[in-house]
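These protein sequences, in sequence, are chains A and B. According to our numbering, the residues represented by the first sequence are 146 to 246, in order. According to our numbering, the residues represented by the second sequence are 45 to 279, in order. Beta carbons are placed, not taken as given, at the ideal position from N, Cα and C, and that holds for glycine.
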Amino acid sequence: MNEKKYHYEIESFLEPIFPDFLNDRKTDLEEEEQAVNKKDFKTLSLLGHKLAGNAGSYGLPELGDLGKELESSAHDENYDRCKEIHLQIKEFLENLTVDFI
Amino acid sequence: MRRVLIIEDDKSFSRLIKHNLENDINTDVDVADNYLKGLSMAINTDYDLYLVDLNLDGESGIDLIKILAKNKKIDNKVIVVSAVITKELQIEGYNLGVSNFVSKPVDLDLLKAIMRKNLRMLDNSHSEILSFYNLYLNLGERRAYAKVDEQKEELNLSPTEYTILFKLLNARGNVVSKEELSYTGKDENKAMSFKSVEMHISALRKKLEINKIVHIESKWGVGYYLKYNQNKQVA
Chain A
146 MNEKKYHYEI ESFLEPIFPD FLNDRKTDLE EEEQAVNKKD FKTLSLLGHK LAGNAGSYGL
206 PELGDLGKEL ESSAHDENYD RCKEIHLQIK EFLENLTVDF I
Chain B
45 MRRVLIIEDD KSFSRLIKHN LENDINTDVD VADNYLKGLS MAINTDYDLY LVDLNLDGES
105 GIDLIKILAK NKKIDNKVIV VSAVITKELQ IEGYNLGVSN FVSKPVDLDL LKAIMRKNLR
165 MLDNSHSEIL SFYNLYLNLG ERRAYAKVDE QKEELNLSPT EYTILFKLLN ARGNVVSKEE
225 LSYTGKDENK AMSFKSVEMH ISALRKKLEI NKIVHIESKW GVGYYLKYNQ NKQVA
């Protein structure tokens, strides 16, 4: 795995609220895992929509793109793709490192 | 300090906006994280700006704005943020009084610039007064007053009466056609009947009786104008 793939430079004004953002993502990731197991496409779509809207604003556009893909795959009820994207989001968050600049 | 209400179900997003606004634009920011809480806070408290998400846990932000618009004046006070902004939504929103649509993910610099512009407009409109002899309109608050015996009396006009008086005051004694006055109803894109215009004019005349100095004259077959009664002194 290329560690640099998940390294981001984030604007320093976001530093005080970044830990809360990551905590929210952790909570959503758990909900996402349950939704994948239950094939709950409505919840997956909502979680994808939320991630698409917030991650880019926090300086993580690639994570936002994954949210967008999750939303559209859930809309198509494509279980395999939803599961795959969920794992990609998990990998992204587990390996994310940031520098505040 | 200006007050802003963010109606947004995504806590990460609302935290980001609140953090930015409070630090950079010197505003006091409240957050409602669902549709019902947002509606209740928006109706019961006077905010200077509302930031509304279109998708509130499956409830529609546009529906919330519709209810809000029926209860208070929201022109240039609502900014909509959404990941999906269609042309139809924008037309509906702008007709309701939405000031701007901002796409998610948001560019924070752009959002802050839009908010500053809206707050500046609010500052200007709050202080703008239109007058004709002893009649005064506070354009920001959409309130009409008559100065009688050195006392400022509020005229308590309906929204349509206010808009009609605004057009008449703006014309400063010149005739305003019935046709132009017919576009002063709830839906400004749709004309009301001339009969309705006449009814509103009649109600407005009664409310203006308090001032005795300016009254509404009819120009037969054309429209109406404000006339200054020279026999009375301006208070």
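Out of the options, which one is the CA nearest neighbour of residue i?
{"i": "Y203 of chain A", "options": "B:G102, B:S262, B:K117 and B:I61", "result": "B:I61"}
{"i": "G105 of chain B", "options": "B:G82, B:F238 and B:K114", "result": "B:G82"}
{"i": "L108 of chain B", "options": "B:A127, B:T228 and B:V142", "result": "B:V142"}
{"i": "L65 of chain B", "options": "B:K55, B:R47 and B:N178", "result": "B:R47"}
{"i": "A235 of chain B", "options": "B:E223, B:S246 and B:L95", "result": "B:E223"}
{"i": "N168 of chain A", "options": "A:F245, A:E239, A:I246 and A:D244", "result": "A:E239"}
{"i": "T207 of chain B", "options": "B:K196, B:K239 and B:L174", "result": "B:L174"}
{"i": "I51 of chain B", "options": "B:Y269, B:Y94, B:K271 and B:Y272", "result": "B:Y94"}
{"i": "L208 of chain A", "options": "A:D173, A:T172, A:Q233 and A:A180", "result": "A:Q233"}
{"i": "K228 of chain A", "options": "A:D165, A:S157, A:T242 and A:L174", "result": "A:L174"}
{"i": "L209 of chain B", "options": "B:Y227, B:Q195, B:E194 and B:D151", "result": "B:Y227"}
{"i": "N97 of chain B", "options": "B:K110, B:T89 and B:D53", "result": "Note that residue 97 of chain B is Asp in the sequence shown, not Asn. Nearest of B:K110, B:T89 and B:D53 to D97 of chain B, Cα basis: B:D53."}
{"i": "E236 of chain A", "options": "A:D221, A:D225, A:S218 and A:L211", "result": "A:L211"}
{"i": "K256 of chain B", "options": "B:V124, B:I87, B:K114 and B:N178", "result": "B:N178"}
{"i": "L163 of chain B", "options": "B:L212, B:V122, B:S221 and B:K250", "result": "B:V122"}
{"i": "N200 of chain B", "options": "B:L248, B:S126, B:Y269 and B:E194", "result": "B:L248"}
{"i": "T89 of chain B", "options": "B:E103, B:K117 and B:I129", "result": "B:K117"}
{"i": "D185 of chain A", "options": "A:Y224, A:D165 and A:K150", "result": "A:Y224"}
How long is the line joining the alpha carbons of residue i and residue j, rounded to whole angstroms?
{"i": "G198 of chain A", "j": "S202 of chain B", "result": "40 Å"}
{"i": "I155 of chain A", "j": "T204 of chain B", "result": "51 Å"}
{"i": "P161 of chain A", "j": "V75 of chain B", "result": "18 Å"}
{"i": "V192 of chain B", "j": "I254 of chain B", "result": "8 Å"}
{"i": "E198 of chain B", "j": "L181 of chain B", "result": "10 Å"}
{"i": "N182 of chain A", "j": "V73 of chain B", "result": "38 Å"}
{"i": "L49 of chain B", "j": "L112 of chain B", "result": "13 Å"}
{"i": "M243 of chain B", "j": "N120 of chain B", "result": "29 Å"}
{"i": "H152 of chain A", "j": "D244 of chain A", "result": "8 Å"}
{"i": "F163 of chain A", "j": "L133 of chain B", "result": "32 Å"}
{"i": "H194 of chain A", "j": "T172 of chain A", "result": "15 Å"}
{"i": "V146 of chain B", "j": "L155 of chain B", "result": "7 Å"}
{"i": "T188 of chain A", "j": "K230 of chain B", "result": "39 Å"}
{"i": "I246 of chain A", "j": "L205 of chain A", "result": "14 Å"}
{"i": "G265 of chain B", "j": "K131 of chain B", "result": "41 Å"}
{"i": "R170 of chain A", "j": "Y79 of chain B", "result": "22 Å"}
{"i": "A188 of chain B", "j": "M165 of chain B", "result": "20 Å"}
{"i": "N139 of chain B", "j": "N115 of chain B", "result": "15 Å"}
{"i": "S190 of chain A", "j": "H63 of chain B", "result": "27 Å"}
{"i": "S157 of chain A", "j": "S221 of chain B", "result": "59 Å"}
{"i": "V124 of chain B", "j": "G137 of chain B", "result": "8 Å"}
Which residues mark the beginning and the end of the beta strand (DSSP E) in which residue i is found?
{"i": "R187 of chain B", "result": "R187 to V192"}
{"i": "V125 of chain B", "result": "V122 to S126"}
{"i": "D244 of chain A", "result": "T242 to F245"}
{"i": "S202 of chain A", "result": "Segment: none, S202 of chain A is in no beta strand (DSSP E) and carries neither H nor E."}
{"i": "E160 of chain A", "result": "It is not in any beta strand (DSSP E) - E160 of chain A carries neither H nor E in the DSSP assignment."}
{"i": "N26 of chain B", "result": "Beyond the ends of chain B as shown, which are 45 and 279, falls residue 26 of chain B; an answer cannot be given."}
Specify the secondary structure class of residue i as computed by DSSP and reduced to three states.
{"i": "R216 of chain B", "result": "coil"}
{"i": "L174 of chain B", "result": "strand"}
{"i": "I155 of chain A", "result": "strand"}
{"i": "I12 of chain B", "result": "Absent from the structure is residue 12 of chain B, since the part of chain B shown begins at 45 and ends at 279."}
{"i": "Y269 of chain B", "result": "strand"}
{"i": "K263 of chain B", "result": "strand"}
{"i": "N223 of chain A", "result": "coil"}
{"i": "A86 of chain B", "result": "helix"}
{"i": "M146 of chain A", "result": "With a pLDDT of only 49 at M146 of chain A, under 50, the local geometry of the prediction cannot be trusted, and the value read off the model is given with reservation. The answer is coil: DSSP assigns M146 of chain A none of H, G, I, E or B."}
{"i": "S56 of chain B", "result": "helix"}
{"i": "Y180 of chain B", "result": "strand"}
{"i": "D74 of chain B", "result": "strand"}
{"i": "K131 of chain B", "result": "helix"}
For residue i, report the span of its alpha helix (DSSP H) as first-last.
{"i": "A219 of chain A", "result": "P206 to H220"}
{"i": "E242 of chain B", "result": "F238 to L252"}
{"i": "Y227 of chain B", "result": "No alpha helix (DSSP H) contains Y227 of chain B, which DSSP labels as neither H nor E."}
{"i": "G105 of chain B", "result": "G105 to N115"}
{"i": "S190 of chain A", "result": "F186 to N199"}
{"i": "A180 of chain A", "result": "F163 to K183"}
Could you tell me whether any non-hydrogen atom of the ligand HEM is closer than 7 Å to the CB of residue i?
{"i": "T228 of chain B", "result": "Because no ligand of any kind appears in the structure shown, any question about the ligand HEM cannot be addressed here."}
Inset, instruction - Name, going along the chain, the residues of the stretch 59–90 of chain B whose beta-carbon falls closer than 8 Å to a beta-carbon of chain A. - result: Answer set for the stretch 59–90 of chain B: R59, L60, H63, N64 and N67.
Inset, instruction - Can you give me, in chain order, the residues of the stretch 187–207 of chain A that have a beta carbon less than 8 Å from any beta carbon in chain B? - result: With the criterion set as a beta carbon lying under 8 Å from some beta carbon of chain B, the members of the stretch 187–207 of chain A are L191, H194, K195, A197, G198, N199, A200, G201, S202, Y203 and P206, in sequence order.
Legend entry - Interfacial residues, the stretch 216–241 of chain B to chain A, with Cβ spacing under 7 Å: Answer in chain order: no residues at all.
Legend entry - Residues within the stretch 156–171 of chain A neighbouring chain B, beta-carbon criterion of under 8 Å: Cβ proximity to chain B below 8 Å picks out F158, L159, P161, I162, D165, F166, D169 and R170 from the stretch 156–171 of chain A.
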